[in-house]
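Going by my numbering, the residue at position 133 of the sequence shown is 113; the numbering climbs one at a time, nothing skipped. Quick reminder that beta carbons are idealized off the backbone N, C-alpha and C, glycines included. Below: the structure, in structure tokens.
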Amino acid sequence: MSLLSESLVEEWLNRAGYFTIRGVRYGVSEMDLLAVRHTAQGIEAKHVEVQISTNPISYISPLTDEQCKVLGKKRASAWARPSDVLERSVSTWLNKKFYSRSKEAARERAWPGLEWSLEFVHGQVKHQVELEAIRAGGIKTISFFTVLSSLCHDPIVAHKGGAGTDIAEMLSYYVRYKESHNID
């Protein structure tokens, strides 16, 4: 689902007037989406990571290798994590996704001198406390429901993307049809 969900998030950003680049690489590191747009205040820049689950069974952030050894657990273990374990796994995940030198260098290489908003689009989460830890780490979290709702209900604007346009228009058609025929 990641390719499809990234396409829909990209379409959402494009309709909001952002120019986007997907899958930016720097070495072995990759970022889901970089987005920029001109505003009256200058250039607005976003680094957006997308991870959608509709039926989560575990955490967003995997356990670190060290945690796996010490705790005797697998990286994606659904075991309830104590706060110190969760804090460490989220911190490592945030570094990998947003704060590593390679990510900072890739953003700087793409558009030098910009201040980036770091954002995470998520589906359902099993542990709300993990989202709170991600927010506490300086990341803006956005529900995938918000993205889909916007694509289905906002009027179609001149700024359209590519891959996500067709599916977004199909979703919008579904919602309009359902509403016009009073279908629950």
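Residue environment analysis places R81 among the exposed positions, since fewer than 16 neighbouring C-beta atoms fall within 10 angstroms of its C-beta.
Cβ atoms of V70 and V28 stay farther apart than 8 Å, at about 18 Å.
By the Cβ criterion, the segment 86 to 104 is in contact with the segment 9 to 28, since at least three pairs of Cβ atoms, one from each stretch, lie closer than 8 Å. Taking 8 Å as the upper bound for CB-CB distance, R55 and P42 are in contact here, some 4 Å apart.
Taking a cut-off of 8 Å for Cβ pairs, the segment 38 to 53 and the segment 102 to 110 touch, as three or more such pairs fall below it. Taking the C-beta atoms as reference points, E(-9) is found no nearer than 9 Å to A90. In the structure shown, I122 adopts extended strand secondary structure according to DSSP, grouped into three states. Counting only runs of 3 or more residues that sit fully inside the segment 18 to 98, the beta strand (DSSP E) segments are 22 to 31, in chain order. Excluding the 5 residues flanking it on each side, G7 has same chain C-beta neighbours closer than 6 Å at S82, in chain order. Contact check for L74 against I114 passes: the beta carbons are separated by less than 9 Å. Note on geometry: alpha-carbon atoms of S97 and Y79 lie some 12 Å from one another. It is roughly 26 Å from the alpha-carbon of A(-4) to the alpha-carbon of A116.
Scanning the segment -10 to 21 from its first residue to its last, the whole beta strand (DSSP E) runs of 3-plus residues come out as -1 to 6, 9 to 19. Taken through DSSP and simplified to helix, strand or coil, V109 comes out as helix. Relative to H18, the option among S9, E110, F(-1), Y157 whose CA is nearest is F(-1).
The closest CA to that of L94, considering only S9, E10, Q21, is found on Q21.
In this structure, L(-16) sits away from A15, with a CB-CB distance that is not shorter than 9 Å.
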